[in-house]
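First the structure, in the form of structure tokens, and then the observations on it.
2 protein chains.
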Amino acid sequence: MPRVSQDHLDARRRQILDGSRACFARFGYEGATVRRLEEGTGLSRGAIFHHFRDKESLFLALAEDDAIRMAEVVAEQGLVQVMRELLATPRHDDGEQHPADWLGTRLEVSRRLRTDPEFRGRWAERSSQLTDATRQRLQRQREAGNLRDDVDVAVLTSFLELVLEGLVSHLAMGLPADDLEPVLDLVEESVRRHRRTG
Amino acid sequence: MPRVSQDHLDARRRQILDGSRACFARFGYEGATVRRLEEGTGLSRGAIFHHFRDKESLFLALAEDDAIRMAEVVAEQGLVQVMRELLATPRHDDGEQHPADWLGTRLEVSRRLRTDPEFRGRWAERSSQLTDATRQRLQRQREAGNLRDDVDVAVLTSFLELVLEGLVSHLAMGLPADDLEPVLDLVEESVRRHRRTG
Numbered sequence: 001m002p003r004v005s006q007d008h009l010d011a012r013r014r015q016i017l018d019g020s021r022a023c024f025a026r027f028g029y030e031g032a033t034v035r036r037l038e039e040g041t042g043l044s045r046g047a048i049f050h051h052f053r054d055k056e057s058l059f060l061a062l063a064e065d066d067a068i069r070m071a072e073v074v075a076e077q078g079l080v081q082v083m084r085e086l087l088a089t090p091r092h093d094d095g096e097q098h099p100a101d102w103l104g105t106r107l108e109v110s111r112r113l114r115t116d117p118e119f120r121g122r123w124a125e126r127s128s129q130l131t132d133a134t135r136q137r138l139q140r141q142r143e144a145g146n147l148r149d150d151v152d153v154a155v156l157t158s159f160l161e162l163v164l165e166g167l168v169s170h171l172a173m174g175l176p177a178d179d180l181e182p183v184l185d186l187v188e189e190s191v192r193r194h195r196r197t198g
Numbered sequence: 001m002p003r004v005s006q007d008h009l010d011a012r013r014r015q016i017l018d019g020s021r022a023c024f025a026r027f028g029y030e031g032a033t034v035r036r037l038e039e040g041t042g043l044s045r046g047a048i049f050h051h052f053r054d055k056e057s058l059f060l061a062l063a064e065d066d067a068i069r070m071a072e073v074v075a076e077q078g079l080v081q082v083m084r085e086l087l088a089t090p091r092h093d094d095g096e097q098h099p100a101d102w103l104g105t106r107l108e109v110s111r112r113l114r115t116d117p118e119f120r121g122r123w124a125e126r127s128s129q130l131t132d133a134t135r136q137r138l139q140r141q142r143e144a145g146n147l148r149d150d151v152d153v154a155v156l157t158s159f160l161e162l163v164l165e166g167l168v169s170h171l172a173m174g175l176p177a178d179d180l181e182p183v184l185d186l187v188e189e190s191v192r193r194h195r196r197t198g
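In order, the protein sequence lines correspond to chains A and B. When we follow full-length UniProt numbering, the leftmost residue of the first sequence carries the number 1, and every step to the right adds one. When we follow full-length UniProt numbering, the leftmost residue of the second sequence carries the number 1, and every step to the right adds one.
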């Protein structure tokens, strides 16, 4: 039997993550049955669980994958820009796969953190990427003189994360988002260096 | 058979709402089985569903009840104060009933809005209380000269609601909240009249 190449394994893993992301987003963790995961990924359960021990492991890998991708955007462009892109992304009700499907992943993480203490423990180890990327970016902005200097970087980081969490929740609920651009302007202005107005 | 008094009906309805609130918060909508609702309320299923047509009707009544209670606090003290009280309220993992159990209701509303289009339609008619109360309070604050006047009241309302949604999500996930007081100070400062600093 020929040895399966690492590239092939990576591509297959990616296929499973992308297919199951839409599935978890659409049906929720409990609703994402093995049959639906098969349909979403186009792979058999045998193939899926060759790569991931069980549904829980698959979901955790997916949530971690999404957090890493977001952290990369934050490092480049900041957390408010991530929020602006969320607003610009058309949402969908048709079950088609879509970049913003990590919204659904994130809300499932939120719900399971609340209802499942074991999950809380497993997730805690994996959830620091976004906070770290945000704090580092704000620190660089402060050094460049773009950030207000009367509030701790840690407080500004928590503020931006709280707004992001609210935005994720808002979008995931399908609430209207047309009017949120000026809200993000206000958020951005709130962390920037204050212009003297007197 | 003696006629049951309206007071008695109201008290029974309140007992069901309060008992089921903790139950939905702890187990989620699907997990709040009829047996658990019986245990949570101390009433039989017959008594519960004499007052509410089905579990869905009970949950909607509960969500609406919570929104009205929050709107009352907002009208008196503003949305940031509601958030401060959320922070001050000790959270619990023991399933005991607790005033902040509306956190759980709210997160269940969020999740069902995302996964259940029919629920979205039913909820839309009931969800305006909090927004209306917040907007009216901000309008009064503007007239009193306490609010910044370079940003629309509608934008400030959406901003505060977005932060609240983030805070609810944060607390419901059991994330540490010790460091959020200065974040709320920043939020409050962001909507207040700017002091001239030049």
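Note that beta-carbon positions come from the ideal geometry of N, C-alpha and C, so glycine has one too. Keep in mind the model is a prediction, meaning the values are calculated, not measured.
Item, Value
"Identity of the residues DSSP links to A:Arg192 by a beta bridge", "A:Leu147"
"Length of the line joining the Cα atoms of A:Arg122 and B:Arg45", "37 Å"
"Under 7 Å between C-beta atoms of B:Glu80 and B:Leu184", "In the sequence as displayed, the identity of residue 80 of chain B is Val instead of Glu. Against a cut-off of 7 Å, the Cβ pair of B:Leu184 and B:Val80 comes out as a contact."
"Three-way DSSP call (helix, strand, coil) for B:Arg106 in this model", "helix"
"Runs of alpha helix (DSSP H) wholly within the UniProt domain \"HTH tetR-type\" (10–70) of chain A (minimum 4 residues, chain order)", "34–41 and 45–51"
"Contact check, residue 218 of chain B vs B:Leu17, beta carbons under 7 Å", "Nothing about residue 218 of chain B can be read from this structure; chain B reaches only from 1 to 198."
"B:Ala25, buried or exposed, once every other Cβ within 10 Å from all chains shown has been counted against 16", "buried"
"Under 9 Å from the C-beta of B:Ser57: neighbouring residues of chain A", "Here the premise fails: no neighbours, minimum Cβ distance about 21 Å."
"Minimum Cβ-Cβ distance from B:Thr131 to chain A less than 7 Å", "no"
"Burial state of B:Val191 (16 or more Cβ within 10 Å)", "buried"
"Positions along the stretch 144–157 of chain B whose CB lies within less than 9 Å of some CB in chain A", "Val151, Asp152, Ala154, Val155 and Leu156"
"For A:Val155 and A:Leu138, believed in contact at Cβ under 8 Å, the rounded distance", "The pair is not a contact, with the Cβ atoms about 10 Å apart (cut-off 8 Å)."
"Reduced DSSP category for A:Val4 - H, G, I as helix; E, B as strand; rest coil", "coil"
"Residue-chain proximity (A:Ser128, chain B), Cβ-Cβ < 7 Å", "no"
"Reduced DSSP category for A:Pro182 - H, G, I as helix; E, B as strand; rest coil", "helix"
"Whole-angstrom distance between B:Ala32 and A:Ile68, CA atom to CA atom", "34 Å"
"Candidates B:Val4, B:Leu180 and B:Glu56: closest to B:Val109 by CA position", "B:Glu56"
"Any chain B beta carbon closer than 7 Å to A:Asp94", "Only weak support exists for where A:Asp94 lies, its pLDDT of 45 falling under 50; the coordinates are left without a value."
"Any 3 or more C-beta pairs closer than 8 Å across the stretch 162–178 of chain B and the stretch 159–170 of chain A", "yes"
"Proximity to B:Asp178 [Cα-Cα], best of A:Ser158, A:Gly174 and A:Arg114", "A:Ser158"
"Neighbouring residues, chain A, relative to B:Ser169 (Cβ below 8 Å)", "Ser110, Glu165, Gly166, Val168 and Ser169"
"Minimum Cβ-Cβ distance from A:Leu62 to chain C less than 7 Å", "In summary, chain C is missing from the structure at hand, where the protein chains are A and B."
"Cβ of A:Val4 within 7 Å of any chain B Cβ", "no"
"Chain-ordered chain A contacts of B:Asp179 [CB-CB under 8 Å]", "Ala154, Val155 and Ser158"
"Rounded straight-line distance, which links the Cα of A:Arg12 to that of A:Thr105", "20 Å"
"Same chain only: Cβ atoms within 6 Å of A:Val4, ignoring 5 sequence neighbours per side", "none"
"Alpha-carbon spacing of B:Asp119 relative to A:Arg111, whole angstroms", "One detail in the question is off: residue 119 of chain B reads as Phe in this sequence, not Asp. Rounded to the nearest angstrom, the two C-alpha atoms are 18 Å apart."
"Under the three-state DSSP convention, the category B:Pro117 falls into", "helix"
"Rounded straight-line distance, which links the Cα of B:Gly78 to that of B:Glu72", "9 Å"
"Of the residues B:Gly42, B:Asp10 and B:Gly174, the one placed nearest B:Cys23, counting alpha carbons only", "B:Gly42"
"Distance, B:Arg140 Cα to B:Thr131 Cα", "14 Å"
"Cα-Cα separation between B:Arg29 and A:His50, rounded to whole angstroms", "Note that residue 29 of chain B is Tyr in the sequence shown here, rather than Arg. In a straight line, the C-alpha of B:Tyr29 is about 33 Å away from that of A:His50."
"Spatial distance of B:Phe27 from A:Thr115 (CA atoms)", "7 Å"
"Through-space distance from A:Glu85 to A:Glu143, alpha-carbon basis", "25 Å"
"Residue-chain proximity (B:Gly28, chain A), Cβ-Cβ < 7 Å", "yes"
"Through-space distance from B:His8 to A:Leu186, alpha-carbon basis", "49 Å"
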